[in-house]
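What follows is a set of notes on a single structure, which appears directly below.
Chains as they are written, first to last, in my numbering: chain R, 403 to 771; chain E, 403 to 771.
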């Protein structure tokens, strides 16, 4: 199992990650507190796609005492957006609505330029603008959401980043991110840049505003370092809520744009969806006869996971799908067809909003604040 | 002998520096070529305060073939400006006039913030603006001079700096600058920032413009790294012309603001000048009698150096001063009084221009380009 901001591979043991990273599991008590404020629990909480946190209890204490907080999440624009990327963004929108919170969304075009030998700044800039359309299409509130483009917003980013950078040594970066002496000095500096949105609201308003970061667990090393630095700069430590990875349509591993047939891009056509889902790995048996006799295994099945974590919100229905699969009643072909229809319906709506997002983009950009 | 961008100490052997740094000595032939274009040779060339270079012959070839070049020098704003700082700036103005060249002047407020544990960004910003008045007072052409403030101009700086940074590993920074694992990641990134003004004219105009950097030899490590990187980014290698350090008024070492009584600040009063010069170390003998008998030693005397490198432009007169000192005819007290008068006259004019500079500042700032 390897989980770093730049690489995730092997079979992920999430309980072990909580221990190794030193985070806290999401408890029933915490879920109840969120439910109280949000009215209902998001399926990603009910089904523990979000499973771990740092300081969520503390930020809820603050909120319940009348303090507002900001949300921060982001995207490294290295290619087109797939539905695995949407997972934490959809959840972030839920939090924005539930807590009436401002969101800073960071596009780390600088990072993607620095880690990919072949990428130009032009390319990462174009990708950042393209990916921003998907962010907007998720439905964030334009009045409460600012998209930061690292390179274009360097005027603000740099002056905060060097204050953070002054408190971080190379030893720390080496230990936390596994960088080494052959790493370029841009990517060595970058963790300071990724820390900036945690503090930007405080910096711009003069008020010390807490920050909650919903993001996949692989980004946790950044927040470990940021939490160490925050008090040294007079800021509050940012809190996190961590999600698991949505598996790819292939066998094992997270959805990865580098294996395009294993992931559903937000701009895929209905034919793409049908083909990719049809060719997906499943928890099924080699033959219909065996499936009918022994049943399938939803716990290793991406088709099931997509329903479970994204597309089947109804708890009774998802339980029924599980049982029918286990019993051999539901064949993989039928389940694939059901899922394909749900994905196509979802994408049709997303693509409409994505098209409209082109007109909304200016309003969302941090530089136009 | 220690010569790095952050520390200069011991007795400096400039011939050894040329060998160790791998630079070229300034030859008679090069001086003649400069003289042809400039009309006359600046005293800092005639007397070899500027003594070494990289690629000066090449940049003169380009110039003689009809290509323009830009000048680049700078200042780390860590305190008030003293006349040691003015030395390369005065020379840079001579080059600007001689070659009708645009100048980028970089204020590295970020660097000074990053290397001084107690400095805030507010402090380095205030110093940068204060020091800029001295830059302007040197007499640069407002139409051809842009002062870059690293932090305020980060919008342009950062996007070029990360392109440079992508080509520099931590190993290189460690070997060239003596940084280590305890260094903060901001100062590790900084050499990429200091490289930017070499390329900024090319970046802004789309034309590939060569760059000549007049600066003290301790800054050479930056240019060694920058020259390696330049061709990888499609830029021309920057050329350099290196000067020695103006000694302080104390015994040995360069003028250093951390020993305020050994240096003449540009805002010093006539009384300050009299006192500091009067208390200066000299190459004189312990008693008048011995001085009259054996003569003094101008080769170790800061009073003589100030005349030689800055205040006595007349070659005949400086020779006369040398001979009179050597012979015991010129006593230290008399020489100090002569020098004090020259410095006070110089500062009176500089301070007038410095006052006027407050109105000119906006025109000089890169951000107002």
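Backbone N, C-alpha and C define an ideal beta-carbon position, used for all residues, glycine too.
Bear in mind the structure is a predicted one, so any value in this text is a computation, not a measurement.
When you compare only the Cα positions, how much space is there between residue i and residue j?
{"i": "residue 499 (chain E)", "j": "residue 462 (chain E)", "result": "15 angstroms"}
{"i": "residue 504 (chain E)", "j": "residue 699 (chain E)", "result": "41 angstroms"}
{"i": "residue 541 (chain E)", "j": "residue 495 (chain E)", "result": "7 angstroms"}
{"i": "residue 637 (chain R)", "j": "residue 630 (chain E)", "result": "40 angstroms"}
{"i": "residue 738 (chain R)", "j": "residue 731 (chain R)", "result": "14 angstroms"}
{"i": "residue 415 (chain R)", "j": "residue 421 (chain R)", "result": "10 angstroms"}
{"i": "residue 569 (chain R)", "j": "residue 589 (chain R)", "result": "16 angstroms"}
{"i": "residue 693 (chain R)", "j": "residue 687 (chain R)", "result": "5 angstroms"}
{"i": "residue 573 (chain E)", "j": "residue 719 (chain E)", "result": "51 angstroms"}
{"i": "residue 643 (chain R)", "j": "residue 610 (chain R)", "result": "20 angstroms"}
{"i": "residue 710 (chain R)", "j": "residue 490 (chain R)", "result": "15 angstroms"}
{"i": "residue 547 (chain R)", "j": "residue 769 (chain R)", "result": "12 angstroms"}
{"i": "residue 734 (chain E)", "j": "residue 425 (chain E)", "result": "37 angstroms"}
{"i": "residue 763 (chain E)", "j": "residue 703 (chain E)", "result": "37 angstroms"}
{"i": "residue 750 (chain E)", "j": "residue 575 (chain E)", "result": "43 angstroms"}
{"i": "residue 673 (chain E)", "j": "residue 666 (chain E)", "result": "11 angstroms"}
{"i": "residue 447 (chain E)", "j": "residue 453 (chain E)", "result": "7 angstroms"}
{"i": "residue 620 (chain E)", "j": "residue 473 (chain R)", "result": "46 angstroms"}
{"i": "residue 482 (chain E)", "j": "residue 618 (chain E)", "result": "18 angstroms"}
{"i": "residue 427 (chain R)", "j": "residue 663 (chain R)", "result": "33 angstroms"}
Taking buried to mean at least 16 other C-beta atoms within 10 Å of its own C-beta, is residue i buried or exposed?
{"i": "residue 623 (chain R)", "result": "buried"}
{"i": "residue 404 (chain E)", "result": "exposed"}
{"i": "residue 690 (chain R)", "result": "exposed"}
{"i": "residue 529 (chain E)", "result": "buried"}
{"i": "residue 695 (chain E)", "result": "exposed"}
{"i": "residue 455 (chain E)", "result": "buried"}
{"i": "residue 477 (chain R)", "result": "buried"}
{"i": "residue 502 (chain R)", "result": "exposed"}
{"i": "residue 757 (chain R)", "result": "exposed"}
{"i": "residue 671 (chain E)", "result": "exposed"}
{"i": "residue 771 (chain R)", "result": "exposed"}
{"i": "residue 759 (chain R)", "result": "buried"}
{"i": "residue 475 (chain R)", "result": "buried"}
{"i": "residue 625 (chain R)", "result": "buried"}
{"i": "residue 661 (chain E)", "result": "exposed"}
{"i": "residue 513 (chain E)", "result": "buried"}
{"i": "residue 584 (chain R)", "result": "exposed"}
{"i": "residue 685 (chain R)", "result": "buried"}
{"i": "residue 441 (chain E)", "result": "exposed"}
{"i": "residue 650 (chain E)", "result": "buried"}
Would you mind working out which of the options sits nearest residue i, comparing C-alpha positions?
{"i": "residue 726 (chain E)", "options": "E:697, E:711, E:603 and E:574", "result": "E:697"}
{"i": "residue 471 (chain R)", "options": "R:641, R:661, R:720 and R:651", "result": "R:641"}
{"i": "residue 511 (chain E)", "options": "E:550, E:486, E:493 and E:536", "result": "E:550"}
{"i": "residue 599 (chain R)", "options": "R:628, R:585 and R:581", "result": "R:628"}
{"i": "residue 635 (chain E)", "options": "R:453, R:585 and R:523", "result": "R:523"}
{"i": "residue 745 (chain E)", "options": "E:419, E:714, E:468 and E:535", "result": "E:714"}
{"i": "residue 486 (chain R)", "options": "R:527, R:719, R:659 and R:742", "result": "R:659"}
{"i": "residue 466 (chain R)", "options": "R:750, R:438 and R:539", "result": "R:438"}
{"i": "residue 683 (chain E)", "options": "E:677, E:710, E:652 and E:712", "result": "E:652"}
{"i": "residue 675 (chain R)", "options": "R:436, R:723 and R:740", "result": "R:740"}
{"i": "residue 430 (chain R)", "options": "R:702, R:583, R:458 and R:539", "result": "R:458"}
{"i": "residue 743 (chain R)", "options": "R:761, R:678, R:418 and R:762", "result": "R:678"}
{"i": "residue 531 (chain R)", "options": "R:554, R:516, R:547 and R:543", "result": "R:554"}
{"i": "residue 507 (chain E)", "options": "E:615, E:449, E:706 and E:648", "result": "E:615"}
{"i": "residue 612 (chain R)", "options": "R:621, R:619 and R:633", "result": "R:633"}
{"i": "residue 434 (chain E)", "options": "E:426, E:444 and E:425", "result": "E:444"}
{"i": "residue 432 (chain R)", "options": "R:546, R:460 and R:409", "result": "R:460"}
{"i": "residue 517 (chain E)", "options": "E:587, E:701 and E:468", "result": "E:587"}
{"i": "residue 736 (chain R)", "options": "R:705, R:539, R:450 and R:488", "result": "R:705"}
Report whether the distance from the Cβ of residue i to the nearest heavy atom of the ligand ADP is below 7 angstroms.
{"i": "residue 643 (chain E)", "result": "The ligand ADP is not among the ligands present in this structure, which contains no ligands whatsoever."}
Taking 8 angstroms as the threshold (beta carbon to beta carbon), is residue i in contact with chain A?
{"i": "residue 596 (chain R)", "result": "Absent here is chain A; the protein component of the structure consists of chains R and E."}
Near-chain E residues of the stretch 563-590 of chain R - C-beta to any C-beta below 9 angstroms
563, 564, 565, 566, 567, 568, 569, 570, 571, 572, 573, 574, 575, 576, 581, 582, 583, 584, 585, 586, 587, 588, 589 and 590
Below 9 angstroms between beta carbons is the criterion; list the residues of the stretch 531-560 of chain E that meet it against any residue of chain R, in chain order.
552, 553, 554, 555, 556, 557, 558, 559 and 560
Residues from the stretch 507-522 of chain E in contact with chain R, defined by Cβ distance under 7 angstroms:
512, 515 and 516
Would you say the stretch 604-615 of chain R touches the stretch 596-612 of chain E, given that touching needs at least three Cβ pairs under 8 angstroms?
no
Does the stretch 561-568 of chain R come within contact of the stretch 588-595 of chain R, defined as at least 3 CB pairs closer than 8 angstroms?
yes
Give the residues from the stretch 615-648 of chain R that approach chain E closer than 8 angstroms (Cβ to any Cβ), ordered along the chain.
none
Can you give me, in chain order, the residues of the stretch 594-613 of chain E that have a beta carbon less than 7 angstroms from any beta carbon in chain R?
594
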